[in-house]
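Colleague:
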Amino acid sequence: MSRRLRQRRQLQLSIPEEEDRISALPDSLVHHILSFLPSKDATATTVLSKRWKPLWLLELIIHFNHQPFPDTFTFSNFVDSAMANQDNTQPILSFHIKCHYYNSDIHKFVSNAIQRRVQNLTFDLSRSDFPTAFILRTETLCVLKLKRITLNYEGPLVDLPSLKILHLESVCFTYYGHIRKLLSGCPILQELEANDLTIKIPCRVFLGSSQPPSLSNLVRANISNICPMHNLLDRLRNAQHMRLLAKYSYELHSVFHNLTHLELRLDFMHNRGMLKWSWLIKLLQNFPLLQTLIIEEVFNFKFCMFFVFFFFFSV
């Protein structure tokens, strides 16, 4: 053996093998990493280490998005395979699904999540009609976020006894009574966000109790682009922190005894001058314990001309 060859072999032996740091990561950290990834990307991480595959199958935070897939068939097959390979005896902490349609496959996936006692449920269905009967009677839900869907619920009651956070964005209701019924079924609700809600037939009278739902645990409310606004606001009278976008003047019939922080974004294109401020002064009489008031007046959305005034009130 030549001297040069012996030196090369000695050099190779002296170099330590590279450490496989990925495989050395604890299971808890791997689960934490996977929880931030869409499920399609999370499954792809199994090529990094064979040990990651069973960890993905035990992942309790699931996020499905149709956009990376070429068609609905491929997307449904992927979701079906991913859900089928998971341990159905394990509860799901969070289930998020975004797609532009709703069919029997999506219904099956959501039903599976509910059967596994899901706690956090998020839907973005691009204005698809959404049969909610099996969702709005789920005992384990703590967080429900609905975006760009049409809610058609004709069931007798909404029963969400554990729900603490409700976000509604670009949701279409058939009747105003459906909003009222939804809030009535959330007895411990603490946070409500409602933006750009549409009511197809707002004039229909809601057949039920004449008393508004009591959201006695409500802490935060963020309300914008809802008509009629006052019908909803009177039901939020127990809130402590509220943010509102108002495009017209309205009269409140309730006193907000717990409210200490109010943010108002005013967009009165048709109601200027002293009338606007007279309405505001009258409105403030409904908030006897208000400490902080933030007013953002929007004169023109196109040019984004904002004037912000801060008023502080001592208790």
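For what it's worth, the UniProt record's numbering labels the leading residue of the sequence shown as 1, then goes sequentially.
Using N, Cα and C, we set each Cβ at its ideal position, and we do this for glycine too.
1. Using only the alpha-carbon positions, how far apart do L207 and L151 sit?
2. Between S278 and I295, what straight-line distance do the alpha-carbon atoms span, to the nearest angstrom?
3. Can you list, in chain order, the residues of its chain with a C-beta nearer than 6 Å to that of V205? Leave out the 5 residues immediately preceding and following it.
4. Would you kindly work out how many angstroms separate the C-alpha atoms of I179 and L233, rounded to a whole number?
5. Excluding five sequence neighbours on each side, which residues of the same chain lie with their C-beta closer than 8 Å to the C-beta of V118?
6. Please state whether DSSP places D80 in a helix, a strand or coil.
7. Helix, strand or coil: how does DSSP classify R220 here?
8. Give me the residue from D87, L182, K282 with the minimum Cα distance to T132.
9. What's the call for L245, buried or exposed, on a 16-neighbour Cβ count within 10 Å?
10. Flag this pair as yes or no: are the beta carbons of L146 and L163 separated by less than 8 Å?
11. Taking only the alpha-carbon atoms, compute the straight-line gap between T89 and D124 and give it to the nearest angstrom.
12. Look at the alpha carbon of I114 and the alpha carbon of I135, and state the distance between them as a whole number of angstroms.
13. Closer than 6 Å by C-beta to S104: which residues in its own chain qualify, once you throw out the five before and the five after it? Chain order, please.
14. DSSP on H178, reduced to helix/strand/coil?
15. At which residue ranges does the segment 254-294 contain complete alpha helix (DSSP H) runs of 4 or more residues, listed in the order of the chain?
16. Please name the residue in H261, N225, E263, L283 whose C-alpha comes closest to that of H253.
17. Would you list the one or two residues that DSSP bridges to I201?
18. Once you ignore the five residues that flank S126 on each side, which residues in its own chain have a CB closer than 6 Å to its CB?
19. Would S184 be called buried (16 or more neighbouring beta carbons within 10 Å of its own) or exposed?
20. Between the alpha carbons of T122 and I61, how many angstroms are there, rounded?
21. N112 lies in the alpha helix (DSSP H); which residues open and close that run?
22. Please identify the residue among P187, N112, N195, S76 whose C-alpha is closest to the C-alpha of R243.
23. Is the Cβ of I92 closer than 8 Å to any Cβ of chain B?
24. Spatial neighbours of I281 within its chain, please: CB distance less than 7 Å, with the 5 preceding and 5 following residues excluded, ordered by chain position.
25. Note down, in chain order, each residue of its chain lying with its Cβ closer than 7 Å to the Cβ of V79, except the 5 sequence neighbours on either side.
26. Given that a residue counts as buried once 16 or more other Cβ atoms are within 10 Å of its Cβ, and exposed if not, what is L289?
Modeller: On the basis of the supplied data:
1. As a first step, residue 207 is located in the sequence shown; it is residue number 207 there, counting from the start. As a first step, residue 151 is located in the sequence shown; it is residue number 151 there, counting from the start. With a pLDDT of 41 at L207, under the threshold of 50, the predicted position of this residue should be treated as unreliable, and no value is reported.
2. Locating residue 278 in the sequence shown gives position 278, where the first residue counts as 1. Locating residue 295 in the sequence shown gives position 295, where the first residue counts as 1. Cα-Cα distance, rounded: 14 Å.
3. The residue given as residue 205 occupies position 205 in the sequence shown. The pLDDT assigned to V205 is 46, lower than 50, so where the model puts this residue is not dependable; a value taken from the coordinates is nonetheless given after this. A distance below 6 Å between beta-carbons, with the five flanking residues on each side excluded, links V205 to no residue of its chain.
4. Locating residue 179 in the sequence shown gives position 179, counting from the first residue. Locating residue 233 in the sequence shown gives position 233, counting from the first residue. Computed Cα separation, rounded: 12 Å.
5. By 1-based counting over the sequence shown, the position of residue 118 is 118. Closer than 8 Å at the Cβ level, and outside the excluded window around V118, lie P91, I92, L93, S94, F95, T138, T140, L141.
6. Sequence index remark: in the sequence shown, residue 80 carries index 80 (1-based). Three-state result, D80: helix.
7. As a position in the sequence shown, residue 220 is number 220, starting the count at 1. Correct three-state label for R220: strand.
8. Position 132 of the sequence shown, counted from the start, is the residue given in the question as residue 132. Cα-wise, what sits closest to T132 is L182.
9. As a working note, residue 245 is residue 245 in the sequence shown. Per the 10 Å Cβ criterion, buried.
10. Translated into positions along the sequence shown, residue 146 becomes position 146. Translated into positions along the sequence shown, residue 163 becomes position 163. The answer is no: Cβ separation not under 8 Å.
11. Here residue 89 refers to the residue found at position 89 when the sequence shown is read from its first residue. Here residue 124 refers to the residue found at position 124 when the sequence shown is read from its first residue. Near 26 Å, if we compare the C-alpha coordinates of D124 and T89.
12. Counting from 1 along the sequence shown, the entry for residue 114 is found at position 114. Counting from 1 along the sequence shown, the entry for residue 135 is found at position 135. It is roughly 8 Å from the alpha-carbon of I114 to the alpha-carbon of I135.
13. For this step, residue 104 is matched to residue 104 along the sequence shown. Non-local C-beta neighbours of S104 in its own chain, meaning closer than 6 Å and more than five positions away in sequence, are absent.
14. Residue mapping note: residue 178 aligns to position 178 of the sequence shown, counting from 1. In this structure, H178 counts as helix in the three-state DSSP scheme.
15. 274-284, all fully within the segment 254-294.
16. Reading the sequence shown from its first residue, position 253 is the one you call residue 253. Minimum Cα distance to H253 is reached at L283.
17. Here residue 201 refers to the residue found at position 201 when the sequence shown is read from its first residue. Note: I201 sits in a beta bridge opposite Y175.
18. Position 126 of the sequence shown, counting from 1, holds the residue named residue 126. Only H100, R148 meet the Cβ criterion.
19. Here residue 184 refers to the residue found at position 184 of the sequence shown. Buried, since its Cβ has 16 or more Cβ neighbours within 10 Å.
20. Your numbering for residue 122 matches position 122 in the sequence shown. Your numbering for residue 61 matches position 61 in the sequence shown. Rounded to whole angstroms, the gap between the alpha carbons of T122 and I61 is 11 Å.
21. Locating residue 112 in the sequence shown gives position 112, counting from the first residue. It spans 104-115 - the alpha helix (DSSP H) in which N112 sits, taken as one unbroken run.
22. Your numbering for residue 243 matches position 243 in the sequence shown. Nearest C-alpha to R243: N195.
23. You won't find chain B in this structure, because it holds only one protein chain.
24. Locating residue 281 in the sequence shown gives position 281, where the first residue counts as 1. Once the five neighbours on either side are set aside, I281 has no close Cβ partner at all.
25. Along the sequence shown, one-based indexing puts residue 79 at 79. If we look at V79 and ignore the five residues flanking it on each side, its Cβ neighbours are F64, F109.
26. To locate residue 289, count along the sequence shown from 1; it is residue 289. Result: exposed.
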